[in-house]
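Asker: Mind having a look at this structure? Questions to follow.
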Amino acid sequence: MIAHRRRQHPTRVPMLTVLIGSLWLAGCASSNTFTPQANPAAADAYTQLGVAYLERDNLPRALNALDRAIEIAPRHAEALQALALVYQQQGEYALANDYFQQAVTAEPDFTRARNNYAAFLYGRGQYDAACEQLEIASQDAQYANRAQLFANLGQCYVALEEFDKARARLQRAQSIDPRNARGYLMLAELEYSQGNYPQAWAPLQNYLQLAEPDRAALEMAVDIAHARGDHSMAAEYQRQLGTN
160 MIAHRRRQHP TRVPMLTVLI GSLWLAGCAS SNTFTPQANP AAADAYTQLG
210 VAYLERDNLP RALNALDRAI EIAPRHAEAL QALALVYQQQ GEYALANDYF
260 QQAVTAEPDF TRARNNYAAF LYGRGQYDAA CEQLEIASQD AQYANRAQLF
310 ANLGQCYVAL EEFDKARARL QRAQSIDPRN ARGYLMLAEL EYSQGNYPQA
360 WAPLQNYLQL AEPDRAALEM AVDIAHARGD HSMAAEYQRQ LGTN
């Protein structure tokens, strides 16, 4: 979360470990490139087996199954991405990066893989590269969780302190899904951190209506209400803080 200190830049914070809409477990890639001798059904089966093991944190067996899938179909994008996630969990970051790259090269329209790759890059502090992957992914108008993707992109630009770009992406998240609570909160935090209290108030109110109020959001609401001269509203939020 962006730090709640007046007229200061937001601090850089880790992207959410689980990005809504980026779950790699949901199905296999629809278009994979196989070798002439490949058995697509077998590659899919090994991939699904590897993902099942990965769900259970049985990384050695996941690795064995996914390696078998890649032996059968070296450009199986879902298997390549799952391998990247295995190596990411194992702390083999160079291998994880390599397999993420192979996955998005094998299937450039594999939006989930790009989103997961962006999360990996963000976690490694490679914010420029993470934003680049998310920008490409954001072009997929059919992506089921596109609003969340734009919220991730806004957070990525906050990390780069490119606040105009961050603001535009967060507003885009709102236009795609007006009930995306996280996008409202991030936009409120951005404006608050820049001292733009009037601009922070509306998205904060939307967030408080859509989500269970949390302490940080209520503290921000108290500060902004005081700044607006609405001391009775500030007192109400202060009361909620006492019961939260």
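Each residue of the sequence shown is one higher than the one before, starting from 160 at the first, in my numbering.
C-beta: ideal position from N, C-alpha, C; glycine also.
Is the beta carbon of A347 less than 8 Å from the beta carbon of M379?
Answerer: In contact: A347 and M379 (Cβ atoms closer than 8 Å).
Asker: Going by the CB atoms, is the gap between A375 and G342 shorter than 8 Å?
Answerer: In this structure, A375 does not lie closer than 8 Å to G342 by Cβ.
Asker: With DSSP collapsed to three states, give me the class of R328.
Answerer: Three-state result, R328: helix.
Asker: Can you list, in chain order, the residues of its chain with a C-beta nearer than 7 Å to that of A255? Leave out the 5 residues immediately preceding and following it.
Answerer: The answer, listed in chain order, is A243, Y246, Q247 and F279.
Asker: If contacts are defined as beta-carbon pairs under 8 Å, then Q399 and P362 qualify, I think. What distance do you get, rounded to the angstrom?
Answerer: 18 Å between Cβ atoms; not a contact.
Asker: Quick check on this structure: which residue in A318, N304, L377 and P357 has the alpha carbon closest to the alpha carbon of S334?
Answerer: Checked all of A318, N304, L377 and P357; the closest Cα to S334 is N304.
Asker: With 16 as the cutoff for other CB atoms within 10 Å, does T264 come out buried or exposed?
Answerer: T264 comes out exposed.
Asker: Going by C-alpha distance, which of A211, L218 and A224 is nearest Y205?
Answerer: Of the candidates A211, L218 and A224, the one whose C-alpha sits nearest the C-alpha of Y205 is A224.
Asker: Assuming A340 and A370 make a contact with CB atoms under 8 Å, what is their CB distance in whole Å?
Answerer: 4 Å between Cβ atoms; contact.
Asker: Which stretch, first to last residue, makes up the alpha helix (DSSP H) that contains Y212?
Answerer: P199 to E214 is the span of the alpha helix (DSSP H), which, as asked, contains Y212.
Asker: In its own chain, which residues sit with a C-beta less than 8 Å from the C-beta of H390, not counting the 5 before and 5 after it?
Answerer: These residues qualify, in order along the chain: A384.
Asker: When the Cα of E320 is compared with those of D287, G401 and D299, which residue comes out closest?
Answerer: That would be D287, whose Cα lies nearest to the Cα of E320.
Asker: How would you label N198, buried or exposed, when you count the other beta carbons within 10 angstroms and need 16 or more for buried?
Answerer: That one is exposed.
Asker: If you reduce the DSSP assignment to three classes, tell me which class R305 lands in.
Answerer: Here R305 sits in helix by DSSP.
Asker: Which stretch, first to last residue, makes up the alpha helix (DSSP H) that contains F269?
Answerer: F269 -> no alpha helix (DSSP H), and no H or E assigned at all.
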